[in-house]
Amino acid sequence: MTAAKFLSALALAALTACADTEPQYLLEPAPSKLRVNSVVRTVLVRTVSLPTYAADQKIAVQGEGGEVLASDFGLWADEPERATTLIISRNLNTMTSARVAPEPWPLPEPPKGVIDIRIETFIATQSDTFRMSGQYFMGSETPDPIENFDDPDAPPKIVPAPLSDKARVFDIVVALPVKTAAAIAAAQATALTTLSEQIARDMASR
Numbered sequence: 028m029t030a031a032k033f034l035s036a037l038a039l040a041a042l043t044a045c046a047d048t049e050p051q052y053l054l055e056p057a058p059s060k061l062r063v064n065s066v067v068r069t070v071l072v073r074t075v076s077l078p079t080y081a082a083d084q085k086i087a088v089q090g091e092g093g094e095v096l097a098s099d100f101g102l103w104a105d106e107p108e109r110a111t112t113l114i115i116s117r118n119l120n121t122m123t124s125a126r127v128a129p130e131p132w133p134l135p136e137p138p139k140g141v142i143d144i145r146i147e148t149f150i151a152t153q154s155d156t157f158r159m160s161g162q163y164f165m166g167s168e169t170p171d172p173i174e175n176f177d178d179p180d181a182p183p184k185i186v187p188a189p190l191s192d193k194a195r196v197f198d199i200v201v202a203l204p205v206k207t208a209a210a211i212a213a214a215q216a217t218a219l220t221t222l223s224e225q226i227a228r229d230m231a232s233r
């Protein structure tokens, strides 16, 4: 082994050892008392889209000048996009009458509705808050027209989609008195519950 390769191997080993000793933090769901009846029985939640800095396992924060920094708090214990998607799916299962699951769809009956969430801002800010903003979209396929076999001359009956198309913008801010990993995780969970409640209410209306 050359000296350069030996030094590279040592550097990689040092980085791996450092990563192994960094604390890891879970993102736990925050409770909600909301309960609504969904207009569809089954709903798919697509994998939540996060900004690059938020999708990293390193916990990111906003600096005093507004710059995004990788903190020295530690790591998220799960992939952030996976964890965020699972929490929203879990929240909607609890808050609504629908059977809600993330992709890939795990149930035999195909989903009647689809929810697509795209988060643009997901960070502990320099103003002692946690901010989550973005957009979500939902809808379902329009059923085929119903033919009137008793009257062949009658036009087919147009049936509306069970869950009408919706496009919503959200901007949720949660107070963050201390900027620690545990506080950021709790604020994230609160923001995700607030977003889930907004989506659940949309699932209950046509």
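My numbering applies: residue 28 is where the sequence shown begins, and numbers increase by one. Note that CB positions come from ideal geometry on N, CA and C, so glycine has one too. Every value quoted in this text rests on a predicted model; they were computed, and no experiment measured them.
Assigned exposure category for residue i - 16 Cβ within 10 Å defines buried
i, result
"residue 90", "exposed"
"residue 64", "exposed"
"residue 62", "exposed"
"residue 201", "buried"
"residue 53", "exposed"
"residue 161", "buried"
"residue 233", "exposed"
"residue 140", "buried"
"residue 234", "One cannot answer for residue 234 here, as it falls past the ends of the chain, which runs 28 to 233."
"residue 116", "buried"
"residue 129", "buried"
Euclidean distance between Cα positions of residue i and residue j
i, j, result
"residue 217", "residue 88", "17 Å"
"residue 192", "residue 57", "28 Å"
"residue 76", "residue 66", "25 Å"
"residue 2", "residue 219", "Since the first and last residues shown for the chain are 28 and 233, residue 2 lies out of range."
"residue 226", "residue 212", "21 Å"
"residue 148", "residue 159", "5 Å"
"residue 229", "residue 48", "43 Å"
"residue 112", "residue 72", "7 Å"
"residue 81", "residue 60", "28 Å"
"residue 122", "residue 221", "11 Å"
Those residues which DSSP pairs with residue i across a bridge
i, result
"residue 61", "According to DSSP, which records beta bridges pairwise, residue 61 is partnered with nothing at all."
"residue 157", "151 and 201"
"residue 102", "51 and 85"
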